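The working numbering applies: residue 26 is where the sequence shown begins, and numbers increase by one.
The beta-carbon is built from N, C-alpha and C at its ideal position, and this holds for glycine as well.
Note that this is a predicted model, so its numbers are computed, not measured.
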Amino acid sequence: MAFLPVPKNGRDIGQCIYCDSIEEPLAKEHAIPYGLNGPWTLLRASCHRCADITHRFERDSLGGLFPAFRTVLRMQTRRPEKRPKTLPLVLESRGAQRTIQVPLAEFPLYLPTPRLPQPKAVTGDHTANSASVKMDFMHVAGPSFESVSQKYPDVDFVGARLSFAPEEFARTLAKIAFCAGVYTLGLAPLRQSPIRQIVLGNDRDVWHWVGSWTGDQINEPKGLHAMQVRASGSDIHVILRLFAQFGAPEYHVVLGAADQNFVNSSAWPWK
Ligand SMILES: [Zn+2]
């Protein structure tokens, strides 16, 4: 079973990849959001209506998870003049919380790495849901929470603000993986993919298709983000690794079966 790296040169689609609308203007679609320095774009690939939907859940999921990360690593922004010079640190003593602002170099930077159940489509275990999601943190830069807490002897707890919506996070992974599939194979073979209904919010069972990857490493821990597309029979799978260079975990998205005519054609890459 060969793995195909996802090419970085965007295809010009000329149609909304989520709803097939051909109504102009069609927007450029970043597989991984611009704000996370995602390198892959599809040209003329999203209608206004679908862009509103995807931008909302990307903002709700990634915006709440990685704000400090984006600031300290100086990831690209359309409003560089608004880049914060300090970050909020939450201090708790005797159950009362207060927030102080600290310079970026003094901020304990941790990468949140959600651990998801495996996709139900893979395990056949139908109990997976948002309650099975666990959050891990990887220390990336600055002091540790422990060393910061030693600076404030009266404080019982030091932490950072984080908002995490597991289903919206999984839906964002679904969207990224679907874009990777379209990059690699084009839209036509994936028009029947169930992921389109997940992205549009018509199907709420995101844990059926999206989860953590627990097999051998597919994407090496280098480069900012990495993803690969593979086939098992006619089923398309995407293994993706956000923040690969920090050793963050891999995720698995099942895109469903590719169109059978395409699978039987000479264009099918896994002959
Ligand atoms: Zn659309």
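Proximity test, residue i beta-carbon vs ligand 1 heavy atom, cut-off 7 Å
{"i": "residue 204", "result": "no"}
{"i": "residue 74", "result": "yes"}
{"i": "residue 71", "result": "yes"}
{"i": "residue 46", "result": "yes"}
{"i": "residue 276", "result": "no"}
{"i": "residue 208", "result": "no"}
{"i": "residue 43", "result": "yes"}
Neighbour-count burial assignment, residue i, 16 or more Cβ in a 10 Å radius
{"i": "residue 108", "result": "exposed"}
{"i": "residue 294", "result": "exposed"}
{"i": "residue 291", "result": "exposed"}
{"i": "residue 38", "result": "buried"}
{"i": "residue 244", "result": "buried"}
{"i": "residue 218", "result": "buried"}
{"i": "residue 270", "result": "exposed"}
{"i": "residue 50", "result": "exposed"}
{"i": "residue 252", "result": "buried"}
{"i": "residue 74", "result": "exposed"}
{"i": "residue 124", "result": "exposed"}
{"i": "residue 57", "result": "buried"}
{"i": "residue 26", "result": "At residue 26 the pLDDT is 42, less than 50, meaning the model places this residue with poor confidence; the figure from the coordinates comes in the next sentence. Exposed."}
{"i": "residue 257", "result": "exposed"}
{"i": "residue 220", "result": "buried"}
Three-state secondary structure assigned by DSSP to residue i
{"i": "residue 26", "result": "Caution applies to residue 26, whose pLDDT of 42 falls short of 50 and renders its modelled position unreliable; the model cannot decide the point."}
{"i": "residue 284", "result": "coil"}
{"i": "residue 71", "result": "strand"}
{"i": "residue 107", "result": "helix"}
{"i": "residue 57", "result": "coil"}
{"i": "residue 138", "result": "strand"}
{"i": "residue 118", "result": "strand"}
{"i": "residue 84", "result": "helix"}
{"i": "residue 37", "result": "strand"}
{"i": "residue 98", "result": "coil"}
{"i": "residue 6", "result": "Residue 6 cannot be examined here, being either before or after the span of the chain that is shown, 26 to 296."}
{"i": "residue 14", "result": "This structure gives no information on residue 14, because the portion of the chain shown stretches from 26 to 296."}
{"i": "residue 42", "result": "coil"}
{"i": "residue 113", "result": "strand"}
{"i": "residue 92", "result": "helix"}
{"i": "residue 295", "result": "coil"}
Whole-number beta carbon distance between residue j and residue i, since they are thought to touch under 8 Å
{"i": "residue 136", "j": "residue 165", "result": "5 Å"}
{"i": "residue 263", "j": "residue 206", "result": "6 Å"}
{"i": "residue 183", "j": "residue 203", "result": "Contact flag wrong, Cβ pair sits at about 39 Å."}
{"i": "residue 35", "j": "residue 65", "result": "7 Å"}
{"i": "residue 43", "j": "residue 86", "result": "That belief does not hold up - the Cβ atoms of residue 43 and residue 86 are roughly 17 Å apart, past 8 Å."}
{"i": "residue 259", "j": "residue 231", "result": "In fact, because the Cβ distance is near 22 Å, the residues do not count as touching under 8 Å."}
{"i": "residue 133", "j": "residue 173", "result": "5 Å"}
{"i": "residue 5", "j": "residue 273", "result": "Summary: the structure shown does not reach residue 5, with the chain confined to residues 26 through 296, and so no result is reported for it."}
{"i": "residue 61", "j": "residue 100", "result": "6 Å"}
{"i": "residue 224", "j": "residue 190", "result": "Actually they do not touch by this definition, with Cβ atoms about 15 Å apart."}
{"i": "residue 67", "j": "residue 208", "result": "7 Å"}
{"i": "residue 179", "j": "residue 118", "result": "5 Å"}
At 4 residues or longer, and completely inside the stretch 146 to 221: list those alpha helix (DSSP H) runs for me, N to C. 170 to 176, 191 to 210
Whole alpha helix (DSSP H) elements within the stretch 213 to 264, 4-residue minimum: 220 to 225
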